[in-house]
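Student: Mind having a look at this structure? Questions to follow.
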């Protein structure tokens, strides 16, 4: 059985380098590309030097010029790896839900190595519903995910923003002192907003005797802005290893096998 292939660093942006804005590796590649051009010029073969300059200059541009934060050569390398993955069957997967096939609700419809992730039923709370638990059977980790409801900080004062930042810092500090939860992730998901939730809210809070001009302005805003609006879903996930969670879970009346 072959080990799973993991692609890392796909979200890492390039930073300004040390040598004229280039990283040491980029500088060495540019120097190596300039060497044959200089050799042909020193021998007096200017036609060959022009051809080599065109070829080496193109390769140097692929190495140096960034495209959306990364050099073009790196994009080409990842594209080649993706195509090789398709030809060799590494990336041959499609979810059953997307294909219209029946899905077993007890089995995660996930590709490859993610099949090891289980979602056991979490405890049921009266007001907030059931906690979403995530069990990574491969790495031996447990996590809990919750959806956050937040109105944003655009209309808050500086003092209120400072208080929120202080609370987040206290939360991270307390997690670090306990040494049970070793990872907390904040995930922001942007999805198109069809306006259904807003229409329900507006129908419940609409003032029947509102001025006609106010109604007209609101309708115009709905037509111009509502069609292209998006909404953000925020999730927080805390996780820890089974070894560290076993003792607190047993003390709470349960256990981690």
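Residue numbers (the numbering used here): 0 to 256. Each residue gets a CB set at the ideal place from its N, CA and C atoms; glycine is no exception. The model shown is predicted, which means the values in this text are computed figures rather than measured ones.
Express the C-alpha separation of residue 43 and residue 25 in angstroms, rounding to a whole number.
Tutor: Take the alpha-carbon of residue 25 and the one of residue 43: they are about 28 angstroms apart.
Student: Please work out which residues of its chain come closer than 6 angstroms, Cβ to Cβ, to residue 123, disregarding the five sequence neighbours upstream and downstream, and give them in chain order.
Tutor: 129
Student: Within its chain, find whatever has a CB closer than 6 angstroms to the CB of residue 237; leave out the 5 residues flanking it on each side and keep chain order.
Tutor: Once the five neighbours on either side are set aside, the close Cβ partners of residue 237 are 143, 180, 183.
Student: Put residue 143 into one of helix, strand or coil per three-state DSSP.
Tutor: strand
Student: Based on DSSP bridge pairs, tell me the residues matched to residue 183.
Tutor: 237
Student: Rounded to whole angstroms, what's the CA-CA distance from residue 195 to residue 201? Just pull it up for me.
Tutor: C-alpha separation (whole angstroms): 10 angstroms.
Student: Is there contact between the segment 159–179 and the segment 205–218, where contact requires at least three CB pairs shorter than 8 angstroms?
Tutor: no
Student: Would you say residue 108 and residue 116 are within 7 angstroms of each other, going by their C-beta atoms?
Tutor: Their beta carbons are not under 7 angstroms apart, which means residue 108 does not touch residue 116 by this criterion.
Student: For residue 153, count the other beta carbons within 10 Å of its own beta carbon; 16 or more makes it buried, fewer makes it exposed. Which is it?
Tutor: Per the 10 Å Cβ criterion, exposed.
Student: Is residue 30 near residue 55, with beta carbons less than 7 angstroms apart?
Tutor: no
Student: Only counting the same chain, and skipping five residues up and downstream in sequence, which positions put a Cβ closer than 6 angstroms to that of residue 6?
Tutor: Note that residue 6 has pLDDT 45, beneath the 50 cutoff, so the model's placement of it is unreliable and the number below is only indicative. Apart from sequence neighbours up to five positions away, no residue of its chain approaches residue 6 with a beta-carbon distance below 6 angstroms.
Student: Is it the case that the Cβ atoms of residue 71 and residue 61 are separated by a distance below 7 angstroms?
Tutor: yes
Student: Return helix, strand or coil for residue 178, following the three-state DSSP convention.
Tutor: For residue 178, the three-state secondary structure derived from DSSP is coil.
Student: Please determine, among 51, 234, 69, the residue with the shortest C-alpha to C-alpha distance to residue 35.
Tutor: For residue 35, the nearest C-alpha among the options comes from 51.
Student: Could you give the residue range of the alpha helix (DSSP H) that holds residue 77?
Tutor: 71–87
Student: Identify the residues that DSSP records as bridge partners of residue 134: which are they?
Tutor: 117, 141
Student: Please classify residue 139 as buried or exposed, where buried requires at least 16 neighbouring CB atoms within 10 angstroms.
Tutor: Counting Cβ neighbours within 10 Å, residue 139 comes out exposed, since fewer than 16 surround it.
Student: How close, in whole Å, do the beta carbons of residue 192 and residue 228 come, if the pair is a contact with beta carbons under 8 angstroms?
Tutor: 5 angstroms
Student: Could you check which residue in 27, 46, 22, 239 has the C-alpha nearest to that of residue 134?
Tutor: 239
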